[in-house]
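J.: Residue numbers (our numbering): 299 to 678.
Glycine included, each C-beta is placed from N, C-alpha and C at the ideal position.
So that we are looking at the same thing, I have put the structure below in structure tokens.
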Amino acid sequence: MTSHSYDVIVAGVGAMGSAACWHLARRGLKVLGLERFDLGHAMGSSHGMTRIIRLAYFEGSHYVPIVRRAHQLWSETGAEAGMQLLHVTGSLDLAPEGAGPVESSLRSCLDHGLTHEVLSAPEIARRFPGFQLPAGHVGLWQPDGGFVASEKAIYAHVGLAQSHGAEIRTNEPLLDWTPTAQGGVVVRTERGTYSAGRLVITSGGWIADAVPALAANVSTVRQAIGWFTTRRPELYRPGAFPVFILSVEEGTFYGFPLYEHPGFKLGGPHFGREPMDPREPDRTPSPRQVALIRDCLARYLPDAAGEPLSLKGCVYTVTPDDDFVIDAVPGVPQAVFASACSGHGYKFASAIGEILADLSTTGQSAFDLKPFSLSRFPQA
Ligand SMILES: Cc1cc2nc3c(=O)[nH]c(=O)nc-3n(C[C@H](O)[C@H](O)[C@H](O)COP(=O)(O)OP(=O)(O)OC[C@H]3O[C@@H](n4cnc5c(N)ncnc54)[C@H](O)[C@@H]3O)c2cc1C
């Protein structure tokens, strides 16, 4: 059994935790990152190669300042790590004219002066012939959107953190933690006991185990993604095709240009909630989810509607209002946490790592975190 002491322990080295390790280590702090599985595993929320980054944000204008900072950090961190993490392809929000998603994305563009265009269905078909949309659909085009290479980004953050002295221990989950009378924490794993001045909890689908105050307000659901043989790959290459969110009567789906896989990637339905316990080892998508994805391809992206090449399941950690929770553990200011998912958190990870480093070192953030407080829930 080992017993060591650190400035900060980060529990959960996925999207948010790896970024937190980097932002803490680069400030000269002695950091320990504990991870339940291997680095870059496929049991959490961050595998599957890519995640969309959109600046036009239908989930709310208040996200835009944070996603702008994240966009900048993905470029800077990629350059520092010698990897391309951010791929700018432009983003399209697609929905029937007058419907919520396009209207809300438009509002965020107007509120924050983001470059944008509203495109009609014929204009979308002319620019991006890979789509076959219903006649009444429109698209909100925002040229700065794109995708982040999600598994590479975890490796990049961890590599940079290690180069600044961080210790990363994989296959070593935090079992429990306790605050100390001196204002620090003691963390227990199967291999040892570690003490630290601060604790950052970023354990994704398992977060309520370490932050019981979250239990009433987070749940976990299964989400499906697949890669499908394309008949006309030239229509779906970066440069010819953007990332997109498509709202249709069957649900909300999202897709990517081709990237490091021969198949076209589509995920969803985004708001289709199939409960799932992350402790359950099976990550196979349900037949219903796969059928919905294939039906969406056949109707709206027919040249990408070939046979599945890869199908994967993934965990969404959702809150009742689909907003994140970024806060200190009630009554324990030295322990901060981020539950930033509800299916749209990855794009923010670079900035949330920085926010967690700020909160755990100064107790403050440059961003307005009120919309993400735990106390907004009546049962917190
Ligand atoms: C299929 C799918 C598609 C998505 N698409 C998008 C998208 O296009 N754009 C977007 O912005 N977002 C998207 N999201 C959401 C985004 O991926 C998540 O918000 C993000 O991955 C959450 O990161 P995290 O660090 O909270 O979780 P994870 O990356 O899962 O990290 C949590 C880590 O904690 C570890 N852990 C758990 N318990 C412990 C413990 N006790 N001790 C130590 N370690 C522990 C886990 O093993 C895991 O590695 C998508 C999510 C899914 C599932």
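Rounded to whole angstroms, what's the CA-CA distance from V509 to I499? Just pull it up for me.
T.: 8 Å
J.: Would you grab the beta carbon distance between L556 and R535 for me? Rounded to a whole angstrom, and I think it's under 8 Å.
T.: 5 Å
J.: If we ignore side chains and look at the alpha-carbon of each, how far apart do V456 and G331 end up?
T.: Rounded to whole angstroms, V456 and G331 show a C-alpha spacing of 9 Å.
J.: Which residue's Cα is closest to the Cα of G481: R496, D620 and V329?
T.: R496
J.: For the structure I just gave you, are there three or more beta carbon pairs, one from the segment 648-663 and one from the segment 310-322, closer than 8 Å?
T.: The answer is yes - the segment 310-322 touches the segment 648-663, with three or more Cβ pairs under 8 Å.
J.: Going by Cα to Cα distance, which pick from A451, S403, Y614 and R324 is closest to S648?
T.: The shortest C-alpha separation from S648 is found at A451.
J.: Given 8 Å as the limit, is there contact between the segment 337-345 and the segment 621-628, that is, 3 or more CB pairs closer than that?
T.: At 8 Å Cβ cutoff, the stretches do not touch.
J.: Beta-carbon within less than 8 Å of V616's beta-carbon, same chain only, minus the 5 sequence neighbours each way: which residues are those?
T.: V516, S517, T518, V519, R571, C639, S640 and G641
J.: Regarding C319 and ligand 1, is the C-beta to nearest heavy atom distance less than 7 Å?
T.: no
J.: Within this structure, are the beta carbons of V684 and C594 separated by less than 8 Å?
T.: Look at the range of the chain in this structure, 299 to 678, and you will see that residue 684 is not part of it.
J.: By DSSP, does Q662 sit in helix, in strand, or in coil?
T.: Under the three-state reduction of DSSP output, Q662 falls in the coil class, being neither helix nor strand.
J.: For V365, tell me which candidate among L384, V485 and D336 has the shortest Cα-Cα distance.
T.: L384
J.: Could you check where the beta strand (DSSP E) with S415 kicks off and where it finishes?
T.: Going by the sequence as given, residue 415 is Glu instead of Ser. Going by DSSP, E415 is part of the beta strand (DSSP E) stretching over E415 to S418.
J.: Pick from S406, T348, S389 and E374: whose alpha carbon is nearest that of A538?
T.: S389
J.: Classify D442 as buried or exposed, calling it buried when 16 or more other Cβ atoms lie within 10 Å of its own Cβ.
T.: buried
J.: Using 8 Å as the limit for Cβ to Cβ distance, is W525 near chain C?
T.: Absent here is chain C; the protein component of the structure consists of one chain.
J.: Tell me, please, whether the segment 430-440 touches the segment 402-414 by the rule of three or more beta-carbon pairs shorter than 8 Å.
T.: yes
J.: With DSSP run on the structure shown, which of helix, strand or coil describes H321?
T.: Of the three classes helix, strand and coil, the one that applies to H321 here is helix, per DSSP.
J.: Quick check: what's the CA-CA separation for D703 versus D305?
T.: Because the chain in this structure spans residues 299 to 678, residue 703 falls outside the shown range and cannot be described.
J.: Could you tell me whether any non-hydrogen atom of ligand 1 is closer than 7 Å to the CB of C612?
T.: yes
J.: Note down, in chain order, each residue of its chain lying with its Cβ closer than 6 Å to the Cβ of G312, except the 5 sequence neighbours on either side.
T.: These residues qualify, in order along the chain: G342, S344 and G502.
J.: Taking F445 and T348 to be in contact with their CB atoms under 8 Å, please state how far apart those CB atoms are, rounded to whole angstroms.
T.: 4 Å
J.: DSSP three-state label for F542, please.
T.: If DSSP states are grouped into helix, strand and coil, F542 belongs with the strands.
J.: Taking only the alpha-carbon atoms, compute the straight-line gap between G661 and Q632 and give it to the nearest angstrom.
T.: Their Cα atoms are separated by approximately 9 Å.
J.: In whole angstroms, what separates the C-alpha of G604 from that of W504?
T.: 35 Å
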